[in-house]
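A.B. asks: Protein chains in written order, with my numbering: chain R, -6 to 182; chain B, 19 to 196.
Using N, Cα and C, we set each Cβ at its ideal position, and we do this for glycine too.
Got a structure here, written out as structure tokens. Questions coming.
Now the structure itself:
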């Protein structure tokens, strides 16, 4: 059963305080999609039904994107138990994850953050062969969509260069313009 | 021989200051273009979450009625959004290429007299140039809608990470001291 996630604008920490038990301060950053906003929309909703729902609820870009990724049949779902690691700082990720339920603690040099549903771990870094800046550990049972980086790269090598350009720009905006993009992402023409 | 000496030897009459100034101007211009393309990432998001024939009708509505849909940076600007880089007046080189039916790199296209300066500026512009997407919106829309593989969900996941990075950005700028 999915967790009953509170509204991000309200108090959105898990009811039990796992941070105290882990001996760390509560995270200063939070990214979490309120899944309850999507409860009225079937995962198998047709395109026009999705659009009507998005419009009716005035969902944010992140909420809409999360729904699309969450319901994508192309990604496998994986489950992490409490305390498992989803990635370590300074490692180049071999897989990326999109959290669909549960919470993940992100710890980096600037402090800690909490990723709930909608949190994406290691996708831009993996595609760009860059190390993670943070370590990610599950705070409870976490469900996530698995994106193997090698198959993602193979897929992106297949698509048209112009569309790859959109990937390149998005990656640059996530990681920063100073991060070199790999040659296979190429330049848009 | 460095590029400055090379320019001098060819009688270009360039001073190092003028080259740097022009490179900085161009770099600033391209960075501005780059930021406009960054804004247009939001349009890419729209293409990804509501692709299809209804998109044309939905776009103005989303922009005018749904500030919550738009990240703050876009919601606060009145600038039009476009995935295309801003267009500049056609140069002689571009006009020639158009007549000949050949393609040119629009960023590198200058009159032939300026080609040496283009070479001098290349290194300074490289990073800004990397961020510019020279792709008409219609073309991108067509590409997205014709894509049946995993590219679309991958882009959706990547754009979700972009949204996440925008949310987290302020905290990342101020590392905690031990």
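(1) Taking the alpha-carbon positions, what's the residue 126(R) to residue 102(R) distance?
(2) Does DSSP classify residue 103(R) as helix, strand or coil?
(3) Could you confirm whether any beta carbon from chain B is found closer than 8 Å to the beta carbon of residue 61(R)?
(4) Given a cut-off of 8 Å, decide if residue 90(R) and residue 137(R) are closer than it, judged by their beta-carbon atoms.
(5) Mind pulling the beta strand (DSSP E) runs of 3 or more residues that sit fully within the region 9 to 58 of chain R?
(6) Need the endpoints of the alpha helix (DSSP H) that residue 162(R) sits in, please.
(7) Quick one: does residue 125(R) have its CB under 8 Å from some CB of chain B?
(8) Can you list, in chain order, the residues of its chain whose CB lies under 8 Å from that of residue 21(R), leaving out five sequence neighbours each side?
(9) So, is residue 70(R) buried or exposed, given that buried needs 16 or more other C-beta atoms within 10 angstroms?
(10) Pick out whichever of 152(R), 177(R), 139(R) and 78(R) has its Cα sitting closest to the Cα of residue 129(R).
(11) Three-state secondary structure (DSSP) at residue 119(R)?
(12) How is residue 178(R) classed by DSSP in three states: helix, strand or coil?
(13) Skipping 5 residues on each side, what residues in its chain have a beta carbon closer than 6 Å to that of residue 60(R)?
(14) Per DSSP, what kind of secondary structure is residue 185(B) in: helix, strand or coil?
(15) Using a Cβ-Cβ cut-off of 8 Å, state whether residue 163(B) counts as contacting chain R.
(16) To which residues of the same chain is residue 94(B) closer than 7 Å at the C-beta, ignoring the five residues directly before and after it?
(17) Which residues, in order along the region 127 to 151 of chain R, keep a beta-carbon less than 9 Å from a beta-carbon of chain B?
(18) Since residue 144(R) is in the alpha helix (DSSP H), which residue starts that stretch and which ends it?
(19) Going by DSSP, which residues form a beta bridge with residue 139(R)?
C.D. replies: The relevant details are as follows:
(1) 8 Å
(2) coil
(3) yes
(4) yes
(5) Runs of the beta strand (DSSP E) inside the region 9 to 58 of chain R: 22 to 24.
(6) 154 to 168
(7) no
(8) 104, 105 and 106
(9) exposed
(10) 78(R)
(11) helix
(12) In the three-state reduction of the DSSP assignment, residue 178(R) falls in the helix class.
(13) 31
(14) helix
(15) no
(16) Residue confidence is low: residue 94(B) scores 37 on pLDDT, short of 50, so the model does not pin down where it sits. Its coordinate-derived value is still stated next. There are no such residues.
(17) 138, 140, 144, 145, 148, 149 and 151
(18) 142 to 151
(19) 69(R) and 90(R)
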